[in-house]
Structure formats: structure tokens, C-alpha cells
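Participant: With positions in the sequence shown counted from 1, the corresponding number in the numbering used here is that position plus 126.
Note that CB positions come from ideal geometry on N, CA and C, so glycine has one too.
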Amino acid sequence: MRIVRVLLVAILVCATSSLVSAQSFYKNLQVINMGLGIGGHYTYYSSFSSASPAIGISYEKGFHDDWGPGVIGIGGYIGTKSHTYKGTTSDGRLDYKWRNTIIGARGTYHYNPFDVSELDLYGGLGLSYHLTTIKDRSDYVVSDRPLRSSPDYVDMSLFLGGRYYFNSDWAGFMELGYGISAVTIGASYQF
Numbered sequence: 127m128r129i130v131r132v133l134l135v136a137i138l139v140c141a142t143s144s145l146v147s148a149q150s151f152y153k154n155l156q157v158i159n160m161g162l163g164i165g166g167h168y169t170y171y172s173s174f175s176s177a178s179p180a181i182g183i184s185y186e187k188g189f190h191d192d193w194g195p196g197v198i199g200i201g202g203y204i205g206t207k208s209h210t211y212k213g214t215t216s217d218g219r220l221d222y223k224w225r226n227t228i229i230g231a232r233g234t235y236h237y238n239p240f241d242v243s244e245l246d247l248y249g250g251l252g253l254s255y256h257l258t259t260i261k262d263r264s265d266y267v268v269s270d271r272p273l274r275s276s277p278d279y280v281d282m283s284l285f286l287g288g289r290y291y292f293n294s295d296w297a298g299f300m301e302l303g304y305g306i307s308a309v310t311i312g313a314s315y316q317f
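1. For the beta strand (DSSP E) containing ARG219, list its first residue and its last residue.
2. Distance check for GLY250 and GLY288, CA to CA, integer angstroms please.
3. Does GLU244 come out as helix, strand or coil in the three-state DSSP assignment?
4. Three or more C-beta pairs closer than 8 Å, one from the segment 231 to 242 and one from the segment 204 to 211: is that the case here?
5. Using DSSP with H/G/I as helix, E/B as strand and the rest coil, what is ASN159?
6. DSSP state of ASP265, grouped into three classes?
7. Count the other C-beta atoms from every protein chain shown that fall within 10 angstroms of the C-beta of SER216, then say buried if there are 16 or more, exposed otherwise.
8. Is it buried or exposed for SER294, if we count other Cβ within 10 angstroms and need 16 for buried?
9. Run through the segment 184 to 215 for me and flag every whole beta strand (DSSP E) of 3 or more residues, listed as ranges in chain order.
10. When you compare the CB of LEU286 with every CB in chain B, is at least one pair closer than 8 Å?
11. Kindly identify the DSSP beta-bridge partner or partners of SER314.
12. Going by CA-CA distance only, name the one from ALA231, VAL157, TYR152, ALA177 that's closest to ASP281.
13. Rounded to whole angstroms, what is the Cα-Cα separation between SER243 and PHE151?
14. Quick one, which of LYS223, MET160, GLY201 has its alpha-carbon nearest ALA177's?
15. Name, in chain order, the residues that DSSP records as bridge partners for ILE260.
16. Can you look up SER178 in the DSSP assignment and give me helix, strand or coil?
17. Return yes when the Cβ of ILE200 is within less than 8 Å of the Cβ of LYS187, no when it is not.
18. Tell me where the beta strand (DSSP E) around TYR291 begins and ends.
19. Which residue from TYR315, PHE317, THR310, SER314 puts its Cα closest to that of GLY165?
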């Protein structure tokens with residue numbers, strides 16, 4: 127929760143640091159998103175477990191503005207989330223830590239049907255590699271205990287998002303979709 131507060135304070139400081147002269151997404155614009163997420167298919171439910179919020183960073187650049195009323199963007203994404211499972215059995219103590227990491231490319235289509243220059247609405251498709259690492263810190267060894275919950279794999283994701291620019295460089299953003307988290311909220315910086 128402290129991370130969320132620090133992120134919100136940073137967004138407010140950036141929002142008041144310069145004059146408001148924001149604009150939407152356009153060709154050759156570059157944007158970096160930095161956010162925290164919750165939910166998603168890496169959420170585990172157990173009375174013995176805990177999970178970190180997802181941390182994600184994405185980059186995109188506007189490439190085409192002549193395909194209809196919107197702009198196409200292309201970029202990359204990296205996100206990570208960890209989960210800890212602790213428990214006790216008659217054989218000893220269980221202590222596992224999973225780290226899920228997603229690295230991928232994504233394409234976006236930005237379209238704003240509203241007359242609000244500070245607003246940037248978009249939808250997109252991602253193609254990513256999902257990597258799972260596990261640390262087993264249990265105090266006993268059982269030869270048939272699995273060390274991996276699932277293999278690494280390639281996956282596609284869909285997402286919807288929006289940014290609201292507080293000034294010419296900084297925006298707050300939110301994305302909904304399938305990936306390292308179901309909901310991501312954070313700050314965007316354009317250059």
C-alpha cells in the first residue's frame with residue numbers, strides 16, 4: 127500500500143510541475159508507462175500465501191496515423207509478480223517462492239472519440255514470453271515434489287487503456303486486460 131501512495135504522490139507532483147498543454151497520442155510520439163497491478167491469472171488463493179503487486183513497464187511509439195481516425199503504436203512490455211506459499215505438513219515446513227515474468231511486444235490503436243485533448247484512449251494486442259522461476263526453501267526433501275508449477279510459454283493478450291495528461295509530459299494511466307495483472311494503474315511519461 128505504501129508503494130501505491132508514493133506513486134500517487136509522484137503523479138501529483140508531476141501534474142503540478144509545469145503548465146497544462148497536453149495532447150493525445152500521435153505519430154512519432156514515444157511513451158513510457160510505469161505501473162502497479164492487481165489480479166490476473168498469476169493471483170493465488172491460499173490461507174498460507176502472499177503475493178506482491180505486479181510491476182510493469184511498457185514503451186510504445188506512434189507509427190501510423192493514416193489508418194482511419196486513430197494512430198497505431200508499437201512497443202514492448204516487461205512485467206513481474208511474485209508469490210510465496212508457506213505451510214507445514216507432518217513431514218516438515220513448505221516454503222516456495224514463484225516469480226512470474228512477462229517479456230513481450232505489443233501493438234496499440236489509439237482513438238479518442240471525445241473532444242478532450244488530454245485524454246488518450248487505446249486498445250491493444252500483446253505477444254509475450256512468460257517465464258516462471260521457483261525457489262524451494264522448504265526444510266525437507268521429497269523426490270516427487272514438483273519444482274515447477276507450469277512450464278514457460280508464449281501467450282497473447284488483449285487490453286484496453288487510457289491516459290489522462292496532467293501536463294505536456296506526464297499522465298496517469300489505467301489498463302484492463304489479461305497479462306501479469308488484470309488492472310494496472312500508474313504514470314506515463316511522453317517524449
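Facilitator: By the coordinates alone:
1. Residue mapping note: residue 219 aligns to position 93 of the sequence shown, counting from 1. Start and end: 218 to 236.
2. Numbered from its first residue, the sequence shown carries residue 288 at position 162. Numbered from its first residue, the sequence shown carries residue 250 at position 124. Each residue's alpha carbon lies about 11 Å from the other.
3. Reading the sequence shown from its first residue, position 118 is the one you call residue 244. If DSSP states are grouped into helix, strand and coil, GLU244 belongs with coil.
4. no
5. Here the question's residue 159 lines up with position 33 in the sequence shown. The answer is strand: DSSP assigns ASN159 an E or B state.
6. Reading the sequence shown from its first residue, position 139 is the one you call residue 265. Three-state DSSP puts ASP265 in coil, outside helix and strand.
7. One-based indexing of the sequence shown puts residue 216 at position 90. SER216 should be labelled exposed.
8. Indexing the sequence shown from 1 puts residue 294 at position 168. Classification of SER294: exposed, given that the 10 Å Cβ count is below 16.
9. 197 to 215
10. Structure shown: chain B not included; a single protein chain is present.
11. Within the sequence shown, numbered from 1, the residue matching residue 314 stands at position 188. BP columns for SER314 point to ASN159, ALA297.
12. The residue given as residue 281 occupies position 155 in the sequence shown. For ASP281, the nearest C-alpha among the options comes from ALA231.
13. Residue numbering aside, residue 243 sits at position 117 when the sequence shown is read from its first letter. Residue numbering aside, residue 151 sits at position 25 when the sequence shown is read from its first letter. Their Cα atoms are separated by approximately 9 Å.
14. In the sequence shown, residue 177 corresponds to position 51, counting from 1. Nearest neighbour of ALA177 by Cα position, chosen from LYS223, MET160, GLY201, turns out to be LYS223.
15. Against the sequence shown, residue 260 aligns to sequence position 134. In the DSSP output, where bridge partners are listed per residue, ILE260 has TRP224.
16. For the purposes of this step, residue 178 is identified with residue 52 of the sequence shown, where counting begins at 1. Coil at SER178, not helix or strand.
17. In the sequence shown, counting from the first residue as 1, residue 187 sits at position 61. In the sequence shown, counting from the first residue as 1, residue 200 sits at position 74. Going by C-beta atoms, LYS187 is nearer than 8 Å to ILE200.
18. Numbered from its first residue, the sequence shown carries residue 291 at position 165. Here the beta strand (DSSP E) through TYR291 covers 279 to 291.
19. The residue labelled residue 165 in the question sits at position 39 within the sequence shown. For GLY165, the nearest C-alpha among the options comes from THR310.
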